[in-house]
Each structure stands twice: as structure tokens, then as C-alpha cells.
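Please read the structure below before turning to the comments.
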Amino acid sequence: MISDITIGQYFPGNSPIHKMDARVKIVLTFAVIITIFLCRNFASLALVTFSIFGFVALSKIKIKTVLKGIKPLIFIIAVTAFINLFYGTGEPVAEFWIFKITKNGIMNAVFLAVRIISLVVASSLLTYTTTPTALTYAIERLLKPLTYLKVDVHTFAMTMTIALRFIPTLVEEVEKITAAQKSRGADMESGNLIKRVKALVPVLIPLFVSSFRRANELAYAMECRCYRGGEGRTKMKQLKMKTGDYFSIFVVVLMIAGVILLNIFIGKI
Amino acid sequence: MNIIEFNNVDFSYVSEDENEKEIRIPVLKNLNLNIEKGSFTAILGHNGSGKSTIAKLTNGILVPDKGSVVVEGMSTSDEDKIFDIRAKVGMVFQNPDNQIVSSIVEEDVAFGCENLGIPPEECRKRVDDALETVGMSEFALKSPSKLSGGQKQRVAVAGIIAMKPDCIVLDEPTAMLDPSGRREVIQTIMRLNKEEGITIVLITHYMDEAVKADRVIIFDGGEIKLDGTPKQVFAESDKVKALGLDIPQSTQLVEMMKKDGFSCDDVILDAGECADYLENMLRS
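Residue numbers (our numbering), protein chains in the order written: chain Z, 25 to 293; chain F, 6 to 289.
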């Protein structure tokens with residue numbers, strides 16, 4: 025079940041997008057997401073969507089994988105679009121009881137669906153093409169100015185790295201504990217929702233206890249390897265901006281300029 | 006020359022009883038122990054004999070109550086020197102899962118290097134060399150969660166080697182591994198000792214691992230009971246058994262044959278020696 029979720033997963037590869045500086049990827053992803061919200065008409069939204077799919081094509085991630093990432097959100101997209109159908113102004117196309125569907129409403133619904141899909145694809149592309157460690161390191165570097173405000177950015181990044189590292193270990197542990205409890209006669213699969221949630225308690229408590237033991241041992245091991253926080257620490261893998269990064273920045277800036285122009289000249293839908 | 010010296014070390018764990026009164030559980034009493042540079046020492050003892058405590062005392066994770074632990078002239082009680090000591094004495098623990106920090110093998114190996122503030126290019130070189138030494142180069146970009154227990158433990162060892170320590174203390178590194186994983190780890194340790202000249206202190210439960218060392222020390226109740234080469238120690242098989250430990254199977258077999266009237270002048274430690282002995286005996 026847990027392995028079905030593709031959002032946030034990393035797909036190894038060697039494409040120009042994979043090779044980009046993770047900092048640039050994060051900033052550009054945010055820029056694109058903001059631009060999606062700035063779009064006021066179909067022309068500008070189409071420009072953004074095409075750019076996003078252009079980047080997807082460059083990343084050599086299969087379009088099927090990308091669409092699989094949208095699948096769990098189809099319900100939300102459908103509901104939002106459906107509600108928007110009824111919020112249009114102007115001449116109704118169809119009408120029943122107090123509900124009116126207008127041409128404007130239909131356009132709004134489609135616009136919204138495309139917008140959400142673009143959002144999901146843009147943000148998934150970041151995690152699909154960036155290793156979790158590169159991502160945390162990039163976040164650490166991007167947030168570095170905050171250290172002047174006495175925010176401990178390094179500890180935050182280290183915590184994230186360790187959390188990501190321990191996800192597979194803990195998943196494995198949950199499976200083991202579940203099997204152990206089942207073999208002792210625990211019933212995990214029948215009953216209503218409340219009963220099933222209650223059945224999780226005998227899994228969660230051992231997991232909790234063992235996590236503390238792990239944390240303790242890990243702290244020892246880290247101390248033994250001379251860990252003393254971020255100060256005086258170097259990093260084997262340095263982040264470096266290359267031609268590909270400057271090119272991508274250029275493309276995104278052009279796209280934003282295009283969106284602004286289209287917004288001005290075509291106006292709102 | 007000694008790399009680690011325990012001088013009259015007392016150590017006890019402090020905990021609280023139900024009334025929040027302090028109780029001290031003494032573990033080590035007036036311990037004197039020297040580890041020679043470049044040696045391979047195995048420390049044996051049953052659970053609660055104080056052998057893990059010794060490991061944690063060697064690099065200042067624990068500090069003695071009385072006496073001193075000195076590593077290359079630096080006392081572990083000296084807080085300014087603690088990271089210098091830890092850079093000299095690396096430590097590998099029992100559970101490989103709980104000592105790996107990163108979700109990519111090579112980044113985990115680099116962790117110690119980075120903590121020491123070594124420049125990136127040098128780090129890169131050390132990490133590649135360390136992975137090569139433990140035979141894990143092809144897994145450099147894999148996730149540790151996809152490796153077997155023995156492989157994970159070798160990654161942990163690589164992470165220590167990358168810090169270029171003079172000594173590695175391994176606290177039951179094979180206790181959670183299957184036989185093939187155990188063999189991988191022990192072979193790696195022996196190669197480090199013989200080829201790189203790194204001092205090894207191996208704390209273990211397994212006699213067949215202990216016989217590979219130059220020196221075997223048996224602990225009980227926080228005191229050294231037996232200390233010598235494997236042959237000297239296992240020659241006193243009755244004493245070893247009295248301390249609740251096994252002796253290697255081959256040694257046991259020859260002991261039993263001796264009782265039945267066969268003669269053997271040497272102490273037999275492993276299967277190879279045992280086979281040679283049996284062959285000679287059958288021929289004569």
C-alpha cells in the first residue's frame with residue numbers, strides 16, 4: 025500500500041533535469057507554481073502547462089509515471105471542477121431546479137482542473153528527479169540566511185535526512201511487528217473502523233519503544249563519528265550551477281514574461 | 006607502543022530505584038589493560054561481563070569514575086580532546102541499521118569525513134577508497150535499506166575507515182548477521198588489520214572469530230580472567246568453560262580425544278589445524 029504512492033518518490037536517471045542544481049530546481053518549482061496561480065486565461069495557462077510538460081519530457085520520466093501520480097487526486101480534481109460548474113455568470117447552457125450551468129462555469133471548471141494537474145505535475149517533477157538527500161541539502165543551503173535569525177537550519181536539514189533514511193527501516197519494522205502480533209492472535213483485518221484503529225495500538229507501542237532505542241543508538245554512533253552539529257562541517261557533494269541551470273532559469277523567466285503579457289492582452293476568461 | 010591504555014579504571018552505571026534513590030551498579034573494578042598498536046585483540050565474555058562498557062570507554066562515550074583511559078597520550082576525560090580521540094578510535098556497533106545516517110551509501114560513508122571538516126575533493130577520494138577496501142564500490146549509489154546485513158555492516162566499517170582512524174573498536178559487529186554476513190565482516194576486519202595496519206579491538210560472542218586474533222582477553226565480572234594468544238587461552242579449556250563460554254569446536258574435539266588417550270602437543274584452534282592433526286594421526 026505504502027509503495028503505491030509515487031508523489032515524493034525519486035526515480036534515478038541521468039537526464040539534464042536530474043543533473044540540475046537542486047537549489048535551482050526548488051526555486052524554479054516555486055516560481056512555476058506561483059505563475060500557475062497568476063494565469064488568468066487559457067492562453068497563459070496553456071503556456072505554463074506546455075512548459076511543464078516540456079520539462080517532463082526533458083527529464084525522461086515516463087508520462088505514465090507522471091499520470092500515475094495524479095491518480096490519487098482525481099477525486100479531488102473532479103469534485104472541485106464539478107462545484108465550479110455552477111459558479112459561472114452569464115447565459116445558462118443547462119438549467120434544473122436552482123442550479124445553472126453556464127458557458128463561463130464550464131470554462132472555469134476546465135481551467136481549474138488543468139491548473140491543479142499542472143500544480144501536481146510541477147511539484148512531482150522536483151521530487152522525481154532529485155534525491156532526498158540532495159533536496160534536504162538544497163533546502164539547508166537556501167535557508168542559510170535564516171541562521172542570522174538564530175534559526176538552526178543545519179539541525180533541521182539533518183533531522184529531515186535521518187527521517188527519510190529511517191522510513192524504509194520503520195516500514196519493515198511495522199511489517200515485522202504486525203506479523204508478530206498476528207501470530208499471537210491479534211485481529212487486524214475485521215471489524216469497523218474504530219475496531220481497526222484500536223487494533224493498531226499493539227503495533228504502534230512496540231514501534232514507538234523501538235524507535236527510541238534506535239534513536240539512542242544512532243546518537244551514540246553519530247557522536248562516535250565526531251558529529252558536533254553544522255559548525256566546521258564540510259560537504260562531499262557540493263552544489264554547483266551549470267549551463268543547464270542558467271538555461272532553465274532563462275526558460276522559466278521567459279515563460280513568466282509570456283504569462284504576464286498574455287494576461288494583459290487577452291484578459292480574464 | 007600502546008594505542009589505548011586503561012589505568013586503574015573503575016566504572017559503574019548509575020540509575021534510580023523506585024524511591025528515586027541513586028543506585029550504583031559497579032561494572033569495572035581497578036582495570037588495567039593495554040592495547041598495542043597494530044594488534045588484533047578479541048575480547049570475550051558473557052552478557053553483563055562489562056565488555057561493551059570497555060568499548061564505550063575507549064573513545065569517551067563513557068568516562069571512567071576513577072583512573073584514566075588514555076588514547077595516544079590523550080585522556081578521554083579531557084573534553085577538549087574528545088573529538089581528536091574519536092577521530093583516532095572509530096567504533097562499529099551491533100545493529101548496522103542504527104548507525105547509518107544517510108539514505109545513500111556513499112553519503113553515509115562521507116558523514117564522518119564531513120564532520121572532521123575535510124575538504125570535498127579529499128572526502129570524495131577517501132570515500133571511494135574506503136568503499137573499495139570493504140568491497141562495496143558497486144553499491145555506492147544504492148540505498149542502505151536495499152543491502153543485506155553483512156553489506157550494511159561493511160558500509161558502517163567503510164564510514165569509519167574514511168575517517169582514517171588508527172584503531173577500530175567493533176562491539177559485537179556480527180551478532181545480528183547470518184553466517185555469510187559474518188564471514189564478510191570478519192574477513193574485512195582481518196584485511197584492515199594485516200594490510201592497512203589498523204589496530205582492531207573485536208568484542209564478540211563467537212569463538213571462531215576470537216581465534217583469528219593475535220590476543221584473546223576473557224572478561225568476567227568486570228575483571229580480566231584470561232589474557233594471552235588464542236592458543237594460550239584456549240589451552241585452559243576448563244577455565245574458559247567455567248566462565249560460561251564455549252571453546253571452538255575443533256579445540257573441543259581434540260580435547261575429547263585427549264581424554265580418550267590420544268596425544269596432542271599443540272592447541273588446535275580451527276578446522277584446518279584439526280584436519281591436519283587428524284590426518285597425521287590416522288597415518289601414523
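Don't be surprised by glycine CBs; every beta carbon is placed ideally from N, CA and C.
task: State the start and end residues of the unbroken alpha helix (DSSP H) segment that holds S268 of chain F.
output: That residue, S268 of chain F, is in no alpha helix (DSSP H); it is neither H nor E in DSSP.
- prompt: So what does S242 of chain F bridge to, in DSSP terms?
  reply: Residue pairing by DSSP places S242 of chain F in no beta bridge whatsoever.
query: Contact check, F116 of chain F vs G72 of chain F under 8 angstroms by CB: the rounded distance?
result: Wrong, their Cβ atoms sit about 32 angstroms apart, outside the cutoff.
- request: Could you tell me the distance, in whole angstroms, from the CA atom of L231 of chain F to the CA atom of L248 of chain F?
  value: 10 angstroms
field: Neighbourhood of V72 of chain Z by C-beta, 8 angstroms cutoff - its chain only, sequence neighbours within 5 removed
entry: V56, T59, I60, C63, S142, M279 and V283
task: Would you mind sorting T126 of chain Z into buried or exposed? The rule is 16 or more other CB atoms within 10 Å of its CB.
output: When all chains shown are included, T126 of chain Z counts as buried.
message: Considering only the alpha carbon of each residue, which of Z:A181, Z:V145 and Z:A102 lies closest to I85 of chain Z?
response: Z:V145
message: If contact is defined by three or more beta carbon pairs under 8 angstroms, each pair taking one atom from either stretch, is the region 104-119 of chain Z in contact with the region 87-96 of chain Z?
response: no
- prompt: If you draw a straight line from the C-alpha of C118 of chain F to the C-alpha of N103 of chain F, how long is it?
  reply: Taking the CA atoms as reference points, C118 of chain F sits about 19 angstroms from N103 of chain F.
message: Could you tell me which whole beta strand (DSSP E) segments of length 3 or greater appear in the region 81-128 of chain Z?
response: With a minimum length of 3 residues, the unbroken runs of beta strand (DSSP E) contained wholly in the region 81-128 of chain Z fall at 116-120 and 123-126.
- request: Starting from Y4 of chain Z, find everything on chain F with Cβ-Cβ shorter than 9 angstroms and list it in chain order.
  value: For residue 4 of chain Z there is no data in the structure shown, the boundaries of chain Z being 25 and 293.
- request: Answer with yes or no whether the minimum CB distance from N120 of chain F to chain Z is below 7 angstroms.
  value: yes
- prompt: Which residues mark the beginning and the end of the alpha helix (DSSP H) in which K130 of chain F is found?
  reply: P125 to T138
field: Under 7 angstroms between C-beta atoms of R159 of chain F and T193 of chain F
entry: Yes, Cβ-Cβ distance for R159 of chain F and T193 of chain F is below 7 angstroms.
task: Output yes or no for whether 7 angstroms exceeds the beta carbon distance between T160 of chain Z and A181 of chain Z.
output: yes
- request: Please work out which residues of its chain come closer than 8 angstroms, Cβ to Cβ, to N100 of chain F, disregarding the five sequence neighbours upstream and downstream, and give them in chain order.
  value: The residues are M181.
field: With 16 other Cβ atoms within 10 Å as the buried cut-off, status of C269 of chain F
entry: exposed
- prompt: Considering only residues of the same chain and omitting the five flanking positions on each side of D15 of chain F, which have a CB-CB separation below 7 angstroms?
  reply: Excluding sequence neighbours, D15 of chain F sits near L33, K34, N35, P69, D70, K71 and G72.
query: Is F45 of chain F closer than 7 angstroms to I205 of chain F when the C-beta atoms are compared?
result: yes
task: Please decide whether C63 of chain Z counts as near chain F, where near means a Cβ-Cβ distance under 7 angstroms.
output: no
message: Can you pull the chain F neighbours of T183 of chain Z, defined as C-beta to C-beta under 7 angstroms?
response: Those do not exist, as T183 of chain Z stays about 11 angstroms from chain F at its closest Cβ, beyond 7 angstroms.
field: Contacts that F116 of chain F makes with chain Z (C-beta to C-beta distance below 7 angstroms)
entry: R249
task: Assuming T154 of chain Z and Y34 of chain Z form a contact by the criterion Cβ under 8 angstroms, report the distance between their Cβ atoms to the nearest whole angstrom.
output: Contact flag correct, Cβ pair sits at about 7 angstroms.
- request: Would you grab the beta carbon distance between R189 of chain Z and I229 of chain F for me? Rounded to a whole angstrom, and I think it's under 8 angstroms.
  value: Rounded, the Cβ-Cβ distance is 39 angstroms, inconsistent with contact.
field: As assigned by DSSP and simplified to three states, the class of C172 of chain F
entry: DSSP places C172 of chain F in strand when its eight states are reduced to three.
query: With 16 other CB atoms within 10 Å as the buried threshold, where does K56 of chain F fall?
result: buried
task: Measure the C-alpha to C-alpha separation of F88 of chain F and Y172 of chain Z and round it to an integer number of angstroms.
output: 27 angstroms
task: Compute the Euclidean distance between the alpha carbons of N7 of chain F and G140 of chain F, then round it to the nearest angstrom.
output: 30 angstroms
Boundaries of the alpha helix (DSSP H) in which K307 of chain Z is found, first to last residue: Residue 307 of chain Z lies beyond the residue range present for chain Z, which begins at 25 and ends at 293; the question has no answer from this structure.
field: Neighbour-count burial assignment, Y282 of chain F, 16 or more Cβ in a 10 Å radius
entry: buried
task: Compare the C-beta of R288 of chain F against all C-beta atoms of chain Z and say whether one is closer than 7 angstroms.
output: No, because no Cβ of chain Z sits closer than 7 angstroms to the Cβ of R288 of chain F.
query: Can you find a C-beta in chain B that's less than 7 angstroms from the C-beta of R208 of chain Z?
result: Absent from the structure: chain B. Protein chains present are Z and F.
Sequence-distant residues of its chain with Cβ nearer than 7 angstroms to H178 of chain Z (five each side left out): E164, G253 and G254
field: At least three beta-carbon pairs within less than 8 angstroms, the region 219-234 of chain Z to the region 88-97 of chain F
entry: no
task: Please look up how many angstroms separate the CB atoms of I66 of chain F and E247 of chain Z, rounded, as I've assumed it's under 8 angstroms.
output: Between I66 of chain F and E247 of chain Z, the beta carbon gap of about 6 angstroms places them in contact (Cβ cut-off 8 angstroms).
message: With the cut-off set at 7 angstroms, would you say G291 of chain Z and P40 of chain Z are in Cβ contact?
response: no
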